[in-house]
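A quick write-up on the structure given underneath.
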Amino acid sequence: MSEASLPENPPEKRARELRDLLNHHNYRYFVLDDPEISDAEYDRLMQELIDLENSHPELETPGSPTRRIGSPPLEKFDTITHPTPLLSLDKGISEADIHAFDQRVRRGLDNDEELSYTVEPKVDGVAVSLVYRNGVLESGATRGDGFTGELITENIRTIGSVPLVLRKDAEIPMPSFLDVRGEVYMNTDDFRELNRGRMEEGLSLFANPRNASAGSLRQLDSRITAQRPLKMFVYGVGHPDYLGSGSHGDTLRMLEKLGFPVNPLTEIRIPAEALVRYFHDIDAMRKHLAYEIDGIVVKVDAYEHQQRLGTTSRSPRWAIAVKFEAMQEQTRVRDIIVQVGRTGALTPVAVLEPVSIGGVTVSRASLHNEDEVRRKDVRIGDTVLVQRAGDVIPEITRVIPSYRSGSEQPFVMPQKCPACSQSAVRLTDEAVTRCMNAACPAQLKGNILHFASRSALDIEGLGKKLVWQLIEKNHVHSFADLFRLDVKTLESLDRMGRKSAENLLAAIETSKNVPLSRFLYALGIRNVGEHAARLIAERFGTIERVVSAGNEEIQAIDQIGPVAAESVRAFFDNPENRKTIEEAKRQGLRILPANEEVGGRTASTLSGHSFVLTGSLATMSRKAAQEKIEAAGGKVTGSVSSRTRFVVAGESPGSKIERAREIGVEVIGEERLIALLKEAGIS
Ligand code: IVH
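Numbering-wise, the working numbering comes out as the position in the sequence shown, counting from 1, plus 55.
Written as structure tokens, this is what we have:
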């Protein structure tokens, strides 16, 4: 056909325009996350192209965005031999492994001074290899055994962030052949949503985002894959020559220009000294990321170095995966017991076969209440997935029903309190079942433990077992009795020597000077947390004034609602409670009025709290932070122990964070520190 005989807007031309437009907008949307047009406009363009291709089937091309919606199911997947094998990675788990890797690399290179590394998060998904010929996606394959994989091209095409045709870039000659490697994954939220939908339809659930990605990629019907929220990051090419760059970092930049999504947390050409910092940075970011990662990958940057180092049969000598500790593990429910809290609430708790999650051994997980056990359908004997996210209490994510043998026992909420055998009641409209016995020893134990806890009177050494003995042996009937204890009584208890008895008494002695806000919190009044206690203390100043304050006066405090006010009133209206406070005072308890000067310092909220600083802070030096904490009545120490109230983590924190997590000390950021200082009147 000659040019002159073409109609006004020939279908070929329009089809090409539409393909280019759609590919461009697809890139803006999925790769850059920065769309230029509305979804409706995109759909309209797509429909136009579909219609055009339907009426002119000869216009269909492998690079057409219409192919993203999937095609009729396959009988089975073909296999493909990878152009170059997909190797696996050596693994490390610690800072020491990073150092050892760097040392190995240096030895292998005869201590080349110019050595630098490119580092990437290790996204927890499914490895894929994508082949582009003359800029068009030709095939997509799974890793398989590393040499041959399954051909899943139709499924790969449905992934929005996979370019079907490469973008033209003035600086990069279009490669005639390109084998790109990457990871297909699913965002955690999308995964949850997918599972939620499956649950509604009565379908089996995916255990985690990685399984969901793998399952979605292995669909014979790509129209199903197209419905799944899959994403991809690329992290390398099969051979350095494909793009002709001299280093891995430059290759990643070029891949980006060609339209591929490269993980934005990648750092190119960093020195060996920065590797540990990167490892910790990414680990700290981990729980805030939209997708799951299980470590970092460190790669020698220069291809010349990579080639000199070579590979073993399995993995390259120039790369290592350094894994973080897993945050989710599988274990078995040995039993479901019921704990009685200080408010009398009966809480079902799963007793687990101990399992290490993220470096912490987990042997219990709260199931919160009866409805929650029902909802998750957790039974004694079940195999379950347990998750620990940061500082959060471990929880059972879900049961794995396929592991059931049939002998699992459903949980039944007891009708009687397991601690005092009196009746337990679940009121209408309440999720909790409660023990109604005010004298229940389990409630007393909870109250005493709360009274002695770090944010309250902070009595070191007064642990669960000890409190239980003190109650069982009738030494303690209220918190006031704590101040009456003597060495002889304490020594008579199990596993209590003279030294520990003396230490405990010293700790109790120290705790006798307590700021009003902490004392109010220590009382364990329902609906009165640390913050509310502080507000009330500031408003009334002394315990006497709080005791006599009217409901309306309390409610008039900004941020204190009627429920909290009523709880405060109810607590002090109870003569028993007032008597206990008087008794404690007789035993030497000094409730420091808010704003009273203690040794030249304000008896403020940080009073007596011990802080550990790690990493660099953005708005102040460590020294300034220390001075402020001290001015607020707190102290700063160098190492983390059970005495530490907060570890403040700045930029590039050190191993103190791990230590804190191990022993359950709260880790806070700079913002929270500033807020605490502000509450204490220091800015
Ligand atoms: S490099 C020769 N980089 O981890 C180097 N792998 O055993 C081969 N993975 O399943 C892999 N993120 O898909 C590399 N930034 C990354 C990665 C990464 C995730 C996966 C990979 C494979 C496993 C390596």
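Yeah, the Cβ is synthetic: ideal placement off N, Cα and C, and Gly gets one too.
Range covered by the alpha helix (DSSP H) that runs through residue i
| i | result |
| --- | --- |
| residue 245 | 243–255 |
| residue 217 | Note, residue 217: premise wrong, no alpha helix (DSSP H); not H, not E. |
| residue 276 | Where residue 276 is concerned, there is no enclosing alpha helix (DSSP H), given that its DSSP letter is neither H nor E. |
| residue 331 | 330–340 |
| residue 101 | 94–110 |
| residue 19 | Lying before the first or after the last residue shown, residue 19 is absent from the chain, which here runs from 56 to 738. |
| residue 718 | 711–718 |
| residue 167 | Residue 167 -> no alpha helix (DSSP H), and no H or E assigned at all. |
| residue 364 | 358–364 |
Three-state secondary structure assigned by DSSP to residue i
| i | result |
| --- | --- |
| residue 723 | strand |
| residue 521 | helix |
| residue 131 | coil |
| residue 182 | strand |
| residue 646 | strand |
| residue 206 | strand |
| residue 230 | coil |
| residue 405 | strand |
| residue 690 | strand |
| residue 399 | coil |
| residue 145 | strand |
| residue 416 | strand |
| residue 455 | coil |
| residue 468 | coil |
| residue 463 | coil |
| residue 85 | helix |
| residue 114 | helix |
| residue 211 | helix |
| residue 125 | coil |
| residue 432 | coil |
| residue 288 | strand |
Residue i classed as buried or exposed, judged by whether at least 16 other C-beta atoms fall within 10 angstroms
| i | result |
| --- | --- |
| residue 290 | buried |
| residue 244 | exposed |
| residue 4 | The question about residue 4 has no answer here: the residues shown for the chain are numbered 56 through 738. |
| residue 225 | exposed |
| residue 304 | buried |
| residue 274 | buried |
| residue 336 | buried |
| residue 361 | buried |
| residue 346 | buried |
| residue 576 | buried |
| residue 111 | exposed |
| residue 678 | exposed |
| residue 458 | exposed |
| residue 202 | exposed |
| residue 87 | exposed |
| residue 442 | buried |
| residue 730 | exposed |
| residue 343 | exposed |
| residue 654 | Confidence at residue 654 is low in this model, with a pLDDT of 36, below 50, so the placement of that residue is unreliable and no value is reported for it. |
| residue 114 | buried |
| residue 689 | buried |
Element boundaries [beta strand (DSSP E), containing residue i]
| i | result |
| --- | --- |
| residue 668 | 665–669 |
| residue 264 | Careful: residue 264 lies outside any beta strand (DSSP E), inside the alpha helix (DSSP H) at 264–272. |
| residue 394 | 383–395 |
| residue 704 | 701–704 |
| residue 194 | 191–197 |
| residue 354 | 348–355 |
| residue 378 | 374–378 |
| residue 77 | Looking at the DSSP string, residue 77 is not in any beta strand (DSSP E); the run it does join, the alpha helix (DSSP H), is 66–81. |
| residue 438 | 438–442 |
Test: residue i CB closer than 7 Å to a CB of chain D
| i | result |
| --- | --- |
| residue 164 | Chain labels in this structure do not include chain D; a single protein chain is all it has. |
Anticipated Cβ contact below 8 Å, residue i with residue j, distance rounded
| i | j | result |
| --- | --- | --- |
| residue 104 | residue 70 | 7 Å |
| residue 124 | residue 281 | 5 Å |
| residue 316 | residue 288 | 5 Å |
| residue 466 | residue 639 | Not a contact, Cβ separation roughly 40 Å. |
| residue 567 | residue 644 | 5 Å |
| residue 489 | residue 438 | Incorrect: roughly 31 Å between the Cβ atoms, too far for contact. |
| residue 421 | residue 406 | Actually they are not in contact, since the Cβ atoms of residue 421 and residue 406 sit about 11 Å apart, beyond 8 Å. |
| residue 239 | residue 186 | Not confirmed; about 15 Å, so no contact. |
Residue i Cβ short of 6 Å to the ligand ADP heavy atom set
| i | result |
| --- | --- |
| residue 704 | Absence of the ligand ADP from the depicted structure is noted, with the ligand IVH being the only ligands included. |
So within the stretch 529–614, which uninterrupted beta strand (DSSP E) runs reach at least 3 residues, ignoring any that extend past its ends?
568–570
Which parts of the stretch 293–323 are runs of the alpha helix (DSSP H), unbroken and 4 residues or longer, counting only runs that do not cross its ends?
303–312
Ordered list of beta strand (DSSP E) runs contained in the stretch 475–518, each at least 3 residues
479–481 and 488–490
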